[in-house]
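The structure under discussion appears below in the form of structure tokens.
Numbering (my numbering), first residue to last: 9 to 148.
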């Protein structure tokens, strides 16, 4: 039988919140993608944290807009087990490519996760962002 547990369920527990993990991941993400980093967020226990967003994101999106986006991401995460069951393996991340931005979501559980947004300049590999976020979540 296929392992249908989420990748997060195979990780160790910690007292650190995902908001702390998101905040602490900024230097590593900046090292990886430089000035193309637009924002970092976490969703956990019905709460949303945006420890970093650049001035362009602040100008384009209100706090309510960002909360709505994170709520939708969290709701989509509730279907992770179905995807994992169909494929017989853990879902590591989802990547959405828009005209101007790329959104990388790394689920930690069905209802928690980390989000990084970068400019869509085509110069950065989203796998680097995924690995950075996974490393941060695993170390928590």
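Don't be surprised by glycine CBs; every beta carbon is placed ideally from N, CA and C.
Reduced DSSP category for residue i - H, G, I as helix; E, B as strand; rest coil
i: residue 2; result: The question about residue 2 has no answer here: the residues shown for the chain are numbered 9 through 148.
i: residue 140; result: helix
i: residue 31; result: helix
i: residue 52; result: strand
i: residue 89; result: helix
i: residue 78; result: helix
i: residue 64; result: helix
i: residue 98; result: coil
i: residue 73; result: helix
Residues that DSSP places opposite residue i in a beta bridge
i: residue 41; result: None; residue 41 has no bridge partner.
i: residue 122; result: 50, 114
i: residue 57; result: 50
i: residue 104; result: 111
Whether residue i touches residue j by CB criterion (8 Å)
i: residue 145; j: residue 114; result: yes
i: residue 125; j: residue 47; result: yes
i: residue 81; j: residue 123; result: yes
i: residue 40; j: residue 102; result: no
i: residue 56; j: residue 34; result: no
i: residue 26; j: residue 50; result: yes
i: residue 134; j: residue 112; result: yes
i: residue 85; j: residue 118; result: yes
Per-residue burial, residue i [other beta carbons within 10 Å of its own, 16 or more giving buried]
i: residue 137; result: buried
i: residue 21; result: Any reading at residue 21 needs caution, since the residue's pLDDT is 48, under 50, leaving its predicted position unreliable; the model's value is listed next. Answer is exposed; the Cβ neighbour count stays below 16.
i: residue 37; result: buried
i: residue 63; result: exposed
i: residue 52; result: buried
i: residue 110; result: buried
i: residue 44; result: buried
i: residue 71; result: exposed
Inset, instruction - Assess, as a yes-or-no matter, whether the stretch 68-76 is touched by the stretch 84-99 under the definition of 3 or more beta carbon pairs within less than 8 Å. - result: no
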